[in-house]
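These protein sequence lines map, in sequence, to chains A and B. Those letters in the first sequence? Residues 1439 to 1842, by our numbering. Those letters in the second sequence? Residues 1439 to 1842, by our numbering. Note that beta-carbon positions come from the ideal geometry of N, C-alpha and C, so glycine has one too. Written out below as structure tokens is the structure these notes cover.
Number of protein chains: 2
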Amino acid sequence: MPPRPPRRDDPVRQRSLRDHNLALVLRHVTASNRPPSRAEIAAASGLTRATVSTIVDELIAGGLVAELEPVSRSGVGRPGTGIVPAGTGPAGLGMEVNVDYLAVCAVDLTGAVRHREVRHLDQREHSPAQTWQALAELADHAVAAVAVQGLTPAGGVIAVPGLVEGDTIRIAPNLGWQQVALPRPEDLGGLRGLPLDVANEATLAALGERHATGLRSFLYVSGEIGIGGGIVLDGELFGGSHGWAGEIGHVTIDPQGPDCHCGSRGCLEQYAGEEAIRAAAGLRAGGAVLADLVDGARQGSGPVLDALEHAGTALGVALSGAVNLLDIGTVVLGGHYAELIDWLRPAIERELARRVITARWAPAKVRASALGSDAALVGAARAVTQAILDDPARFLAVRATPAG
Amino acid sequence: MPPRPPRRDDPVRQRSLRDHNLALVLRHVTASNRPPSRAEIAAASGLTRATVSTIVDELIAGGLVAELEPVSRSGVGRPGTGIVPAGTGPAGLGMEVNVDYLAVCAVDLTGAVRHREVRHLDQREHSPAQTWQALAELADHAVAAVAVQGLTPAGGVIAVPGLVEGDTIRIAPNLGWQQVALPRPEDLGGLRGLPLDVANEATLAALGERHATGLRSFLYVSGEIGIGGGIVLDGELFGGSHGWAGEIGHVTIDPQGPDCHCGSRGCLEQYAGEEAIRAAAGLRAGGAVLADLVDGARQGSGPVLDALEHAGTALGVALSGAVNLLDIGTVVLGGHYAELIDWLRPAIERELARRVITARWAPAKVRASALGSDAALVGAARAVTQAILDDPARFLAVRATPAG
DNA sequence: CCTATAAGTTCAATGGCTGAACAAACAAGA
DNA sequence: TCTTGTTTGTTCAGCCATTGAACTTATAGG
């Protein structure tokens, strides 16, 4: 995964000093809601106006930020020129492989989605190679579409519903994939030469939510066919030793509970996974389960409401464990859960209040995803731009040296 | 809690550059097993020999490191002079308040314990003020004892078995304390003017284990009367939003399980807490429970072995959830668990293998605490010295300006 | 005693930040 | 319209930490 932590064990020379402050200034530009002037950046960051000026010049020359037309703002004194993230230049390419669709999107440095395409395609009927082929076509569209907008993809990240280690997909149960390697850039057409990465979809969705909501620390839980999760701590994605952190779907709810396909018993998925809720609600299999659930709940169907209540209780038990362990203030529900939150929340909050030992001093908040089903796709694209924003110096360096 | 993270949002000036490299060099000195020479530090850190020389001079002047007598090492060329952490100068004072004893210890910058005193005293029969009074006496002994060894305490940390927020103890169930404030330094006799801190004992024990074992990431679980925990990620203690992370004792094992004093049901403590194991093993109450359990297990007592097997299973279920969530490679068992590990481990490992979804690729290791029952005490003391080692510049600055 | 090798120091050069002075751009009041 | 006051942005000398190369110091081996 891209966002490498700042290397604490590296020596610091003059250049790293500038690198740090480049990132610092750029962060102020992207973080503030109103385009800040050089003077405002200086005041907020603690650097002097002189330093900020030279750094902003370097960022402008590198195409990472742009000056606004000098807008006359209220107040006396010379008006400042607003600095904004560049709307042209580098872009991030997000791709998603899911059970029944492929999707691609592109975001610019401001975080705006500049292109988006979804193709319905059942991966279970195709080989990984065919999937990569189809994804390459979508990616080519995207590159062409953003090129006319003045954007050049600086990298791509592929979101998959499975366990990823390095550049290989260990296992993606719902796709029926095992030990699938990342496609080489050459096999992805127009992406030739572009740095490419794969990561777990829930992890990337958490990253997407982090930017969309502005939350510093939260636990993201996505309910689809499986249950995925991602952890964001103090603004950074927490990956764990191998990047597998957040696997809440197979946390034990009841050690003696029903068998799970993972080989264990009583996993959360057996209580709050799509199939479990559907069965408990007495709905037909193979239909549009989410829509049926929402309809049933709206109409006050007893079995549906009971099923959601049970799922919410199990979710609440699992989340209580996570909150006890991580002391994290917010839980974000994504995927199908986002649309079911009104019926899940009471049970979740009840369990959190009962089972979290610090609940009386700092109750955890439960909220719905801001990006909905696009979270993983947008998160993947933003992983690319975020890497640039986190370390602009590296981007400027590689852009300066090679002639490609 | 002392170890504040490096502030990513701070501006970086020339001075911070030096600050960073001071810490970098000092880290190399404390981390290597053999006293490194200036040249070795330069090679390992990436700095030049010139820079390392000036930095080492500054550290020597500040009393944080010392030169060894030039020992002739094998090999041609001028032998290097080894640099070691100073055995005199600043010390860390660790204090522990527990149910039936008070303890104080002092460590120097090398991590060596230079003083240690334990006083048996039942806190439940005394007010917090009386406890602070007794602790102050022990602390005075410690300050006097280390003074003759050339050590001056630079700060103190008190470990308590309870929930701490900032400078107040929210609740310490086994002490019967609620909303107890940190004693003011003035009320602690010889500690006048010393920076003082409180923190949870399990959290500090995790910190102690981190130094004793050299592990970068692990989950520490301590079984005493209650069950505490601490999380170390990539060498740093993870505190969560309020510093309450690691509360594994009240993770749910069975949502319908027995009532817990915390107000919830089926908490881990009801299965693997001292009282639960004792009752399951059919041992008398009020005795030396740990000793009785070890004796029973050694003699092959059926009820005792069954009780430990059950406790291990519950621990394994809770730890599986934690490992799924955090993708953490090692679990360290402390407190009483350390002495019971031979009988707990089989069940724990069985559950981890079954319930952790990534177990087949990266099985988590289970090991016993290296510090045993001293972990919290030593961890508290090392929290002080670690803060100095992490940011030597700050220590040198405050030491330089005030004449006290 | 001489040579090779490695450790540690000295010093001019370099790069990046600061602080103060200055120029530019605007509002408000006379 | 002109002046005054205010804020923005730039310029430049000074400062500070690191570098790299030359130099000194200390050892082993022939």
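task: Kindly identify the DSSP beta-bridge partner or partners of F1656(A).
output: Locating residue 1656(A) in the first sequence gives position 218, counting from the first residue. Bridge partners of F1656(A) according to DSSP: V1670(A).
- request: Leaving out five residues on either side along the sequence, give the residues of the same chain with a beta carbon under 8 Å from the beta carbon of P1591(A).
  value: Locating residue 1591(A) in the first sequence gives position 153, counting from the first residue. The answer, listed in chain order, is P1528, A1529, G1530, L1531, A1544, A1580, V1581, V1584, L1629, L1632, V1822.
Under 8 Å between C-beta atoms of V1503(B) and V1467(B): Stepping through the second sequence from its first residue, residue 1503(B) is reached at position 65. Stepping through the second sequence from its first residue, residue 1467(B) is reached at position 29. It is a contact, given that the beta carbons lie within the stated cut-off.
field: Boundaries of the beta strand (DSSP E) in which P1680(A) is found, first to last residue
entry: Mapped onto the first sequence, residue 1680(A) falls at position 242. Per the sequence presented here, residue 1680(A) reads as His, with Pro not at that position. Element bounds for H1680(A): n/a, residue is neither H nor E.
- request: With DSSP as the reference, label D1697(B) as helix, strand or coil.
  value: Here residue 1697(B) refers to the residue found at position 259 when the second sequence is read from its first residue. Strand at D1697(B).
query: Cα separation between G1600(A) and V1636(A)?
result: Indexing the first sequence from 1 puts residue 1600(A) at position 162. Indexing the first sequence from 1 puts residue 1636(A) at position 198. Those two C-alpha atoms are separated by around 10 Å.
- request: Decide yes or no for the touch test of the segment 1764 to 1773 of chain B against the segment 1677 to 1696 of chain A: beta carbon pairs closer than 8 Å, at least 3 of them.
  value: Yes, they touch.
- prompt: From R1792(A) to E1496(A), what does the alpha carbon distance come to, in whole angstroms?
  reply: Reading the first sequence from its first residue, position 354 is the one you call residue 1792(A). Reading the first sequence from its first residue, position 58 is the one you call residue 1496(A). A direct Cα-Cα distance of roughly 54 Å separates R1792(A) from E1496(A).
Residue-chain proximity (I1686(A), chain B), Cβ-Cβ < 8 Å: Position 248 of the first sequence holds residue 1686(A). For I1686(A), a Cβ of chain B is located within less than 8 Å of the residue's own Cβ.
field: Neighbour flag for V1822(B) against chain A, beta carbons, 8 Å
entry: Start at 1 with the first residue of the second sequence, and residue 1822(B) comes out as number 384. Taking 8 Å as the threshold, the shortest C-beta distance from V1822(B) to chain A does not fall below it.
- prompt: Since P1449(A) meets chain B, which of its residues come closer than 7 Å, beta carbon to beta carbon?
  reply: The count along the first sequence starts at 1 and reaches residue 1449(A) at position 11. Within 7 Å Cβ-Cβ: N1459, L1462, S1483, G1484, L1485.
field: Backbone CA spacing between I1715(B) and V1659(B) [nearest angstrom]
entry: Here residue 1715(B) is taken as the residue at index 277 of the second sequence, counted from 1. Here residue 1659(B) is taken as the residue at index 221 of the second sequence, counted from 1. CA-to-CA, the gap between I1715(B) and V1659(B) works out to about 16 Å.
message: By the DSSP assignment, the alpha helix (DSSP H) with W1781(A) in it spans what residues?
response: Counting from one through the first sequence, the residue named residue 1781(A) turns up at place 343. That run of the alpha helix (DSSP H) goes 1774 to 1793.
query: Among residues of its own chain, excluding the 5 on either side of D1457(A), which ones have a beta-carbon nearer than 6 Å to its beta-carbon?
result: On the first sequence, position 19 is the one that residue 1457(A) refers to. Non-local C-beta neighbours of D1457(A) in its own chain, meaning closer than 6 Å and more than five positions away in sequence, comprise A1831, ordered along the chain.
message: Quick check for students: name the residue ranges of the alpha helix (DSSP H) that lie wholly in the segment 1590 to 1652 of chain A, counting only runs of 4 or more.
response: Listed in chain order, they are 1639 to 1651.
query: Can you list, in chain order, the residues of its chain whose CB lies under 6 Å from that of W1781(B), leaving out five sequence neighbours each side?
result: The residue you call residue 1781(B) lines up with position 343 of the second sequence. These residues qualify, in order along the chain: A1735, L1746.
message: Using only the alpha-carbon positions, how far apart do A1800(A) and T1492(A) sit?
response: Taking the first sequence and counting its residues from 1, one reaches residue 1800(A) at position 362. Taking the first sequence and counting its residues from 1, one reaches residue 1492(A) at position 54. If you take the alpha carbons of A1800(A) and T1492(A), they lie about 44 Å apart.
message: Quick check: the Cα distance between G1724(A) and E1713(A), rounded to an integer number of angstroms?
response: The sequence position of residue 1724(A) within the first sequence is 286, counting from 1. The sequence position of residue 1713(A) within the first sequence is 275, counting from 1. Straight-line spacing of the CA atoms in G1724(A) and E1713(A) works out to 10 Å.
query: Where do the ends of the beta strand (DSSP E) carrying L1531(A) lie?
result: By 1-based counting over the first sequence, the position of residue 1531(A) is 93. For L1531(A), the enclosing beta strand (DSSP E) covers residues 1527 to 1535.
- prompt: Can you tell which of A1640(A), A1644(A), G1673(A) has its C-alpha closest to the C-alpha of R1847(A)?
  reply: A question about residue 1847(A) goes unanswered here, because the residues of chain A that appear run from 1439 up to 1842.
message: Whole angstroms are fine: how far does the CA of A1541(A) sit from the CA of V1727(A)?
response: By 1-based counting over the first sequence, the position of residue 1727(A) is 289. By 1-based counting over the first sequence, the position of residue 1541(A) is 103. In this structure, the straight-line span from the alpha carbon of V1727(A) to that of A1541(A) is close to 21 Å.
- prompt: Within this structure, are the beta carbons of G1500(B) and R1837(B) separated by less than 8 Å?
  reply: Translated into positions along the second sequence, residue 1500(B) becomes position 62. Translated into positions along the second sequence, residue 1837(B) becomes position 399. Against a cut-off of 8 Å, the Cβ pair of R1837(B) and G1500(B) comes out as a contact.
- request: Check whether the Cβ of R1792(B) lies closer than 8 Å to any Cβ atom in chain A.
  value: One-based indexing of the second sequence puts residue 1792(B) at position 354. Chain A, which has a Cβ nearer than 8 Å to the Cβ of R1792(B), makes this yes.
- prompt: Alpha carbon to alpha carbon, what distance is there between I1607(B) and R1552(B)?
  reply: If you number the second sequence from 1, residue 1552(B) lands on position 114. If you number the second sequence from 1, residue 1607(B) lands on position 169. One alpha carbon belongs to R1552(B), the other to I1607(B), and they sit about 28 Å apart.
- prompt: So is G1842(B) buried or exposed if we call it buried at 16+ other beta carbons inside 10 Å?
  reply: Locating residue 1842(B) in the second sequence gives position 404, counting from the first residue. Confidence at G1842(B) is low in this model, with a pLDDT of 35, below 50, so the placement of that residue is unreliable and no value is reported for it.
query: Taking buried to mean at least 16 other C-beta atoms within 10 Å of its own C-beta, is P1621(B) buried or exposed?
result: Here residue 1621(B) corresponds to residue number 183 of the second sequence, with the count starting at 1. With at least 16 other beta carbons inside 10 angstroms of its own, P1621(B) counts as buried.
field: CB contact check: N1612(B) to chain A, cutoff 8 Å
entry: In the second sequence, counting from the first residue as 1, residue 1612(B) sits at position 174. So, not an interface residue.
query: When the Cα of I1686(A) is compared with those of A1710(A), P1696(A), R1648(A), H1774(A), which residue comes out closest?
result: Here residue 1686(A) is taken as the residue at index 248 of the first sequence, counted from 1. The shortest C-alpha separation from I1686(A) is found at A1710(A).
- prompt: From L1657(A) to L1790(A), what does the alpha carbon distance come to, in whole angstroms?
  reply: Translated into the one-based positions of the first sequence, residue 1657(A) becomes position 219. Translated into the one-based positions of the first sequence, residue 1790(A) becomes position 352. Cα-Cα distance, rounded: 14 Å.
message: Nearest by alpha-carbon distance to M1533(A): which of A1524(A), G1520(A), A1574(A), I1521(A) is it?
response: For the purposes of this step, residue 1533(A) is taken as residue 95 along the first sequence, with counting starting at 1. Shortest Cα-Cα distance from M1533(A) to any of A1524(A), G1520(A), A1574(A), I1521(A) involves A1574(A).
task: State the beta-bridge partners of V1556(A) as determined by DSSP.
output: Position 118 of the first sequence, counted from the first residue, corresponds to residue 1556(A). DSSP lists A1541(A) as partners of V1556(A).
message: Less than 8 Å between CB atoms is the rule here; does H1680(B) satisfy it with respect to chain A?
response: Here residue 1680(B) is taken as the residue at index 242 of the second sequence, counted from 1. H1680(B) counts as touching chain A.
message: Please report the distance separating the alpha-carbon of I1795(A) from that of A1480(B).
response: Here residue 1795(A) refers to the residue found at position 357 when the first sequence is read from its first residue. Here residue 1480(B) refers to the residue found at position 42 when the second sequence is read from its first residue. Approximately 48 Å between the Cα atoms of the pair.
- prompt: For C1705(A) versus V1689(A), is the C-beta spacing smaller than 8 Å?
  reply: The residue labelled residue 1705(A) in the question sits at position 267 within the first sequence. The residue labelled residue 1689(A) in the question sits at position 251 within the first sequence. Inclusion of C1705(A) and V1689(A) in the CB contact set at 8 Å is warranted, their separation being smaller than that value.
- prompt: Does DSSP put P1801(B) in a helix, in a strand, or in coil?
  reply: In the second sequence, the residue the question calls residue 1801(B) occupies position 363. Note: P1801(B) maps to coil in three-state DSSP.
message: Looking at chain B, is there any beta carbon in it that lies within less than 8 Å of the beta carbon of G1767(A)?
response: Residue numbering aside, residue 1767(A) sits at position 329 when the first sequence is read from its first letter. True, the Cβ-Cβ gap to chain B drops below 8 Å.
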